[in-house]
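Encoded as structure tokens, the structure appears first; notes follow it.
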Amino acid sequence: MNLGQIISGAGHLALIGWAVFGGAFNSDPMPFEVTEVTAISSEDFAALMDGPRAPDAVANVETPEPPAEGEGAPDLSSNADAAPDSAQPEAAASSEPDTAPEAPDMVPPADTEVSDAPPVLDPPQEDAAALVPEISPRPQPRPAPRVAPEPVAQPDPDVKIDDVDQQEAAPDETSEPVQEDTEATAREEATTEIVTEAEENDVANAAPPRSVRPRTRPERPAVQEDTQPAARPQTDESSVNDALAEALGQSGDEGQGAPQGPPLTAGEKDALRVGVQTCWNVGSLSSEALRTTVVVAVSMSEDAKPVASSIRMLSASGGNEAAAKQAYEAARRAIIRCGAGGFDLPVEKYDHWRDIEMTFNPERMRIK
Amino acid sequence: MMRVLLSLVLACLVWAMPAFAQNGPLRIEITEGVIEPLPFAAPDFVSDNAAGAEMGRKIAEVVAADLAGTGLFREIQPDAFISRVTSFSSPVQYADWKAINAQALITGAVTVDSGGKLVVRFRLFDVFAGQELGDGLQLVGTQDGWRRIAHKVADQVYSRITGEAPYFDSRVVFVAESGPKDQRSKRLAIMDYDGANVSYLTDSASIVLAPRFSPDGKRVLYTSYESGFPRIYVMNVGSVQQRVLESQDGQMSFAPRFGPDGQAVVYSVSRGGNTDLYRMDIDSGASTRLTNAPSIETAPSFSPDGDQIVFESDRSGTPQLYIMPASGGEAQRISFGQGRYGTPVWSPRGDLIAFTKQSKGRFHIGVMRTDGSEERLLTASFLDEGPTWSPNGRVIMFTRETQGAQGSASLYSVDITGRNLRQVPTKTGASDPSWSPLQE
Chain A
1 MNLGQIISGA
11 GHLALIGWAV
21 FGGAFNSDPM
31 PFEVTEVTAI
41 SSEDFAALMD
51 GPRAPDAVAN
61 VETPEPPAEG
71 EGAPDLSSNA
81 DAAPDSAQPE
91 AAASSEPDTA
101 PEAPDMVPPA
111 DTEVSDAPPV
121 LDPPQEDAAA
131 LVPEISPRPQ
141 PRPAPRVAPE
151 PVAQPDPDVK
161 IDDVDQQEAA
171 PDETSEPVQE
181 DTEATAREEA
191 TTEIVTEAEE
201 NDVANAAPPR
211 SVRPRTRPER
221 PAVQEDTQPA
231 ARPQTDESSV
241 NDALAEALGQ
251 SGDEGQGAPQ
261 GPPLTAGEKD
271 ALRVGVQTCW
281 NVGSLSSEAL
291 RTTVVVAVSM
301 SEDAKPVASS
311 IRMLSASGGN
321 EAAAKQAYEA
331 ARRAIIRCGA
341 GGFDLPVEKY
351 DHWRDIEMTF
361 NPERMRIK
Chain B
1 MMRVLLSLVL
11 ACLVWAMPAF
21 AQNGPLRIEI
31 TEGVIEPLPF
41 AAPDFVSDNA
51 AGAEMGRKIA
61 EVVAADLAGT
71 GLFREIQPDA
81 FISRVTSFSS
91 PVQYADWKAI
101 NAQALITGAV
111 TVDSGGKLVV
121 RFRLFDVFAG
131 QELGDGLQLV
141 GTQDGWRRIA
151 HKVADQVYSR
161 ITGEAPYFDS
171 RVVFVAESGP
181 KDQRSKRLAI
191 MDYDGANVSY
201 LTDSASIVLA
211 PRFSPDGKRV
221 LYTSYESGFP
231 RIYVMNVGSV
241 QQRVLESQDG
251 QMSFAPRFGP
261 DGQAVVYSVS
271 RGGNTDLYRM
281 DIDSGASTRL
291 TNAPSIETAP
301 SFSPDGDQIV
311 FESDRSGTPQ
321 LYIMPASGGE
331 AQRISFGQGR
341 YGTPVWSPRG
351 DLIAFTKQSK
361 GRFHIGVMRT
371 DGSEERLLTA
381 SFLDEGPTWS
391 PNGRVIMFTR
401 ETQGAQGSAS
411 LYSVDITGRN
421 LRQVPTKTGA
431 SDPSWSPLQE
């Protein structure tokens with residue numbers, strides 16, 4: 001028997017012995033009650049013990065004498081008991097009837113139509129850069145009394161309508177007045193297209209079927225050649241002039257009326273175009289006149305104002321004579337009205353804009 | 001040799017000269033403008049006596065209301081005037097009118113001649129051009145007819161500025177309605193285009209429907225339940241005399257409309273549950289059947305040249321618009337949008353067809369080309385129906401009915417661009433308008 005077996009046997013015996021005898025040696029504590037005790041004095045104890053006792057029985061009890069005869073019966077009068085003073089509670093003020101609860105505004109959900117048909121996409125053009133999202137956010141058009149190239153938000157009702165936006169200016173009481181009072185102005189409300197009642201709340205039209213494709217890269221602008229005459233050999237000047245005159249078949253005196261100096265830039269021409277179109281009102285033109293393009297000639301004074309008597313119609317196309325007359329009159333009004341204060345033209349280039357031919361083409365203004 | 005070469009080189013340079021210098025006037029093209037009402041001033045027409053002055057004030061008011069009512073013009077209020085017109089022949093102070101941005105100025109004078117006739121003269125000026133537009137004009141009429149004279153003045157101004165044909169001196173026949181929806185009485189009435197001068201053509205003893213003017217404006221076709229079922233009547237507006245058109249027992253006739261010659265009438269006949277189109281000569285009473293299909297064909301309307309008829313049919317399953325020759329024959333469908341189309345009316349210009357459309361629970365008045373292209377919806381409401389064209393084809397009047405048991409019908413007008421939607425004032429409920437031609 002090796003040491004391990006001995007240890008194992010001893011351990012097992014110890015475990016068995018603890019299991020058998022260990023429980024007998026341990027016992028649970030006895031249960032006990034706790035009572036509260038109050039100490040009192042002997043007098044208090046005696047008083048408690050003396051308590052109320054039954055009265056002693058009486059042996060001799062005197063019998064009361066009967067009432068003497070002849071005595072009248074006692075008056076049996078009684079007064080009615082006074083009614084108890086029970087004050088009636090004051091009636092409470094009638095309360096307001098409960099108001100019927102207001103039904104919440106139930107907004108019926110808008111009818112929606114769901115189509116099973118898949119959206120039809122046009123095949124992209126060859127030069128399309130990329131497909132664009134089908135729907136993109138776009139401001140909802142709304143009707144306005146004026147249709148113009150630029151949309152103008154509805155101005156404050158207290159603001160005066162003018163051609164330009166202008167902030168109100170008032171004198172500062174704490175400083176020297178340096179500026180005259182000016183009334184706040186704003187441009188008249190305008191939208192860029194006619195919006196009918198049918199389109200006004202048409203949610204389906206709130207977004208375009210597709211976004212505008214990215215424009216193709218603009219063509220490289222033509223190289224502006226230097227308008228300054230190149231230095232010419234002194235010795236050949238006369239011969240060159242002679243050669244030029246000969247090539248043109250003109251004498252040297254002709255062509256003196258041609259404007260000198262650089263022509264108007266594209267921006268200057270655009271400024272003139274915008275200056276006229278803001279007054280070109282086609283709203284009162286007939287359908288026939290809206291199909292008529294007129295070319296109008298006008299001479300300008302040096303202060304960039306049109307000479308009214310010089311305005312004339314050079315040609316008209318697309319409509320009958322009466323329509324051309326209406327279209328011309330609308331164009332004339334535009335030139336005179338917007339030119340009354342002078343167009344934004346560079347004075348140094350007066351020779352180039354002394355005479356102007358304006359083509360009024362209303363094709364894009366028919367139905368917008 | 002050198003000189004020749006130099007000449008050639010310089011000639012080439014000159015040929016390409018535009019980049020260097022500008023020959024001739026500066027040229028620009030204007031393609032964008034604005035659409036806004038044209039401001040005008042219409043001071044009271046002058047007169048040499050108090051009665052005439054009052055008449056002059058009222059005439060100027062009607063002229064201004066006519067023009068402003070188109071949506072193409074905006075009246076400048078008299079309290080903004082700087083210059084006062086005291087004499088018809090005095091020169092115009094253009095600067096004063098320019099200062100208030102009046103682009104057109106209307107001046108006039110009113111006198112009553114020895115015969116009691118009203119004499120009205122007027123002139124129209126382009127303020128910014130500083131010249132008169134057209135010649136002055138003089139109109140003579142009865143004093144009771146002062147409103148017609150005012151309308152004629154406004155017509156002249158409207159035509160001279162816009163180039164459109166006039167339409168103010170016209171009338172509208174319609175159904176005047178009163179009472180609740182379930183017990184509504186209806187009778188024929190006639191009024192000026194602006195709702196003034198209402199007079200009644202029938203009493204409310206029987207229901208009347210869909211009156212239609214003749215091309216000369218002297219007769220009216222309408223449908224009446226006077227005999228218990230719908231029959232077509234023709235009435236002389238001047239004498240208020242009426243007679244029933246040819247009708248057979250057991251059939252219902254309705255939706256009549258004159259042809260452009262005033263002789264032909266197209267209408268619907270419902271017999272045995274089937275409705276077809278017929279054409280009748282109004283004098284002889286001879287009728288011709290134009291359609292013969294199991295579907296419902298109704299609401300016919302002639303083209304202005306009288307060669308074609310547009311009508312409504314449900315032969316495809318839903319009500320759509322079709323065009324066929326005026327003598328009958330194969331019809332061609334022109335409406336293909338979603339929804340139901342009805343009550344087509346050909347424009348007096350011949351280029352557009354107005355119609356009623358029901359789509360997505362709403363009613364619309366719209367216009368389309370005669371081939372069905374370029375459909376545009378002009379209105380949208382609970383119930384819009386029954387369009388009729390102004391004599392110049394620029395404006396459409398129609399019936400709008402509001403929702404609910406207390407809903408009522410009224411007349412509205414809208415420009416064919418979809419702008420200037422406005423209610424036509426009537427004292428009672430009104431429906432089924434038909435616009436007369438311009439009065440003679």
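Chains A and B supply the protein sequences, listed in that same order.
For what it's worth, the UniProt record's numbering labels the leading residue of the first sequence as 1, then goes sequentially.
For what it's worth, the UniProt record's numbering labels the leading residue of the second sequence as 1, then goes sequentially.
Every residue gets a Cβ at the ideal spot worked out from N, C-alpha and C, and that includes glycine.
With fewer than 16 other Cβ atoms inside 10 Å of its own Cβ, residue 382/B counts as exposed. Residue 144/A and residue 190/A do touch by the CB rule: their CB atoms are close to 6 Å apart, below 8 Å. Cβ atoms of residue 313/B and residue 339/B stay farther apart than 8 Å, at about 15 Å. Nearest to residue 325/A by alpha-carbon distance, out of 299/A, 295/A, 310/A, 342/A, is 295/A.
Straight across, the Cα-Cα distance linking residue 199/A with residue 36/B is about 19 Å. Residue 343/A has a beta carbon lying at 8 Å or more from every beta carbon in chain B. The beta carbon of residue 364/B sits closer than 8 Å to some beta carbon of chain A. For residue 387/B, the closest alpha carbon among the candidates 355/B, 47/B, 88/B is that of 355/B. Between residue 409/B and chain A, the shortest Cβ-Cβ separation is not below 8 Å.
Residue 270/B and residue 252/B have their C-alpha atoms spaced approximately 5 Å apart. At least 8 Å separates the CB of residue 160/A from every CB of chain B.
Put simply, of 208/B, 236/B, 200/B the residue whose alpha carbon is nearest the alpha carbon of residue 217/B is 236/B.
Spatial neighbours of residue 434/B in its own chain (CB-CB distance under 6 Å, excluding positions within 5 residues in sequence) are listed in chain order as 173, 211, 212, 213, 388. Between the alpha carbons of residue 222/B and residue 260/B lies a distance of about 17 Å. Scanning the segment 184 to 216 of chain B from its first residue to its last, the whole beta strand (DSSP E) runs of 3-plus residues come out as 185 to 192, 208 to 213.
Neighbours of residue 86/B in chain A, taken as residues at a C-beta separation under 7 Å, are lacking, since the least C-beta distance is about 27 Å.
Of the residues assessed, residue 105/B falls on the buried side of the cut-off, its CB having 16 or more other CB atoms within 10 angstroms. Against chain B, the beta carbon of residue 355/A has neighbours under 9 Å at 24, 25, 26, listed in chain order. In the three-state reduction of the DSSP assignment, residue 363/A falls in the helix class, which pools H, G and I. Contacts with chain A at 8 Å (Cβ-Cβ) include residue 34/B. Taking a beta-carbon distance threshold of 8 Å, residue 164/B counts as an interface residue toward chain A. In the assembly as shown, residue 397/B is a buried residue. Its beta-carbon has 16 or more other beta-carbons within 10 Å. Residues of chain A with a Cβ closer than 8 Å to the Cβ of residue 418/B are, in chain order, 194, 195, 196, 197, 198, 199. In the DSSP assignment, residue 365/B falls within the unbroken beta strand (DSSP E) covering 362 to 369. A contact is defined here as three or more CB-CB pairs under 8 Å, and the segment 153 to 160 of chain B meets this definition with respect to the segment 121 to 134 of chain B. Within the UniProt domain "TolB N-terminal" (26 to 133) of chain B, contact with chain A at the beta-carbon level (separation under 7 Å) is assigned to 26, 27, 28, 29, 30, 31, 32, 33, 34, 35, 36, 37, 38, 72, 73, 103, 126, 128, 129, 130. DSSP places residue 438/B in the coil class of the three-state scheme, outside both helix and strand.
A Cβ of chain A is located within less than 8 Å of the beta carbon of residue 379/B.
A contact between stretches requires three or more CB pairs, one per stretch, nearer than 8 Å, and the segment 141 to 148 of chain B fails this requirement with the segment 405 to 414 of chain B. Around the CB of residue 335/A, 16 or more other CB atoms lie within 10 Å, so the residue is classed as buried. Residues of chain A with a Cβ closer than 7 Å to the Cβ of residue 161/B are, in chain order, 284. Excluding residues up to 5 positions away in sequence, 312, 314, 357 lie with their Cβ nearer than 6 Å to the Cβ of residue 297/A in the same chain.
Look at residue 78/B here: in three-state DSSP terms it is helix. By the CB criterion at 8 Å, residue 367/B and residue 416/B fall inside the cutoff. Around the beta carbon of residue 18/A, fewer than 16 other beta carbons sit within 10 angstroms, so the residue counts as exposed. Taking the Cα of residue 177/B as reference, the smallest distance to any Cα among 204/B, 226/B, 364/B, 224/B is reached at 204/B.
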